[in-house]
Amino acid sequence: AQKITQTQPGMFVQEKEAVTLDCTYDTSDQSYGLFWYKQPSSGEMIFLIYQGSYDEQNATEGRYSLNFQKARKSANLVISASQLGDSAMYFCAMREPPGGYIFGTGTRLKVLA
Amino acid sequence: KAGVTQTPRYLIKTRGQQVTLSCSPISGHRSVSWYQQTPGQGLQFLFEYFSETQRNKGNFPGRFSGRQFSNSRSEMNVSTLELGDSALYLCASSGRVVDTQYFGPGTRLTVL
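What follows is the structure, given as structure tokens:
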């Protein structure tokens with residue numbers, strides 16, 4: 002069965018520093034998608050970045066990059082130059098068609114001034 | 165382009181009642197998915213609709229149902245509410261079933 006594991010319930014990072022949020026996944030399929038979402042206290046899930054299982058390059062979106070290591074089944078999110086507004090819950094998710102997303106338990110990130 | 169909208173944003177019901185939540189997807193998106201988020205169970209997939217057809221369903225009891233209209237708007241219904249149904253219900257839309265999903269602000273349901 003599909004599974005997403007986020008082992009860091011909470012993390013702190015100093016403003017302007019980089020931070021890595023861990024995500025490992027388990028699937029038996031060859032075709033799948035990996036996603037990261039940010040959820041501020043308001044509740045809305047904000048899409049950050051996507052990595053397809055066949056993508057050879059690591060995905061990047063502005064200050065966000067995804068460190069994809071297929072053999073290790075990991076898809077870590079790297080946030081560079083952290084900002085105070087980055088404080089939120091971060092969820093890793095996987096989509097294995099057909100089906101909805103499977104989410105991890107999330108990591109609460111706190112950026113310190 | 166306007167994002168996903170959900171109504172109402174907040175709802176308070178009592179046990180045994182039923183509730184209907186509404187979701188309007190991003191214009192042009194034909195796939196709508198629903199998720200339940202609770203502190204104990206986290207984010208769980210409820211169901212997904214594409215072109216008015218339910219494509220996938222999560223592991224929820226039959227009290228949870230949904231539908232999609234020809235304009236891609238979707239509703240979900242929960243009958244015979246239980247205390248455990250208190251949650252944030254999130255709707256997400258995508259252009260195709262396999263595309264990235266974009267979420268709405270959610271409906272926070274409290275069952276008393």
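Sequences listed follow chains D and A, in order. Throughout the first sequence, residue numbering follows this note's numbering, covering 2 to 114 in sequence. Throughout the second sequence, residue numbering follows this note's numbering, covering 165 to 276 in sequence. Quick reminder that beta carbons are idealized off the backbone N, C-alpha and C, glycines included. Computed from a predicted model, the values in this text were never measured in an experiment.
- Counting along the chain, the unbroken beta strand (DSSP E) around arginine 96 of chain D starts and ends at 89–96.
- Chain-ordered, the chain D residues with CB closer than 8 angstroms to the CB of proline 269 of chain A read Ser43, Gly44 and Glu45.
- Each residue's CA atom was taken as its position, placing valine 183 of chain A and methionine 240 of chain A some 8 angstroms apart.
- Taking 8 angstroms as the cut-off, the beta carbon of tyrosine 199 of chain A is found closer than this to the beta carbon of leucine 207 of chain A.
- For aspartate 27 of chain D, the uninterrupted beta strand (DSSP E) segment begins and ends at 25–27.
- Burial check for tyrosine 55 of chain D: the Cβ neighbour count within 10 Å stays below 16, so the residue is exposed.
- In its chain, beyond the 5 residues on either side, Val242, Leu273 and Val275 have a beta carbon closer than 7 angstroms to the beta carbon of aspartate 249 of chain A.
- The Cβ atoms of glutamine 31 of chain D and methionine 90 of chain D do not sit closer than 8 angstroms to each other.
- Proximity of chain A to tyrosine 102 of chain D at the Cβ level (cut-off 9 angstroms) is accounted for by Ser197, Tyr199, Leu207, Phe209, Ala256 and Gln265, in chain order.
- For leucine 49 of chain D against tyrosine 26 of chain D, the beta-carbon gap comes to about 16 angstroms, at or over 8 angstroms, which does not count as contact.
- Of the candidates D:Gly101, D:Lys17, D:Val79 and D:Ala114, D:Val79 places its Cα closest to the Cα of threonine 108 of chain D.
- In the assembly as shown, glutamate 62 of chain D is an exposed residue. Its beta-carbon has fewer than 16 other beta-carbons within 10 Å.
- Serine 238 of chain A: member of the beta strand (DSSP E) spanning 238–242, first to last residue.
- Under the Cβ criterion of 8 angstroms, glutamate 212 of chain A is counted among the residues facing chain D.
- Using a Cβ-Cβ cut-off of 8 angstroms, tyrosine 51 of chain D counts as an interface residue toward chain A, since at least one Cβ of chain A sits closer than that to its own.
- Closer than 8 angstroms at the C-beta level to chain D, one finds these residues of the region 212–234 of chain A: Glu212, Arg219, Asn220 and Gly222.
- Chain order gives no chain D residues near leucine 175 of chain A, where near means a beta carbon separation below 7 angstroms; the closest approach is about 14 angstroms.
- Comparing C-alpha distances from glycine 192 of chain A to each of A:Asn235, A:Gln170, A:Pro269 and A:Gly230 shows the shortest one belongs to A:Asn235.
- Shown here for serine 215 of chain A: same chain residues with a beta carbon closer than 7 angstroms to its own, the five before and five after excluded, namely Arg194 in chain order.
- Excluding the 5 residues flanking it on each side, glutamate 246 of chain A has same chain C-beta neighbours closer than 7 angstroms at Arg179 and Val275, in chain order.
- From the beta-carbon of threonine 106 of chain D, the residues of chain A found nearer than 8 angstroms are Gly206.
- Among the CB atoms of chain A, none fall inside 8 angstroms of the CB of phenylalanine 13 of chain D.
- Distance from the CA of phenylalanine 224 of chain A to the CA of threonine 264 of chain A, rounded to the nearest whole angstrom, comes to 23 angstroms.
- For lysine 39 of chain D, the enclosing beta strand (DSSP E) has its first and last residue at 34–40.
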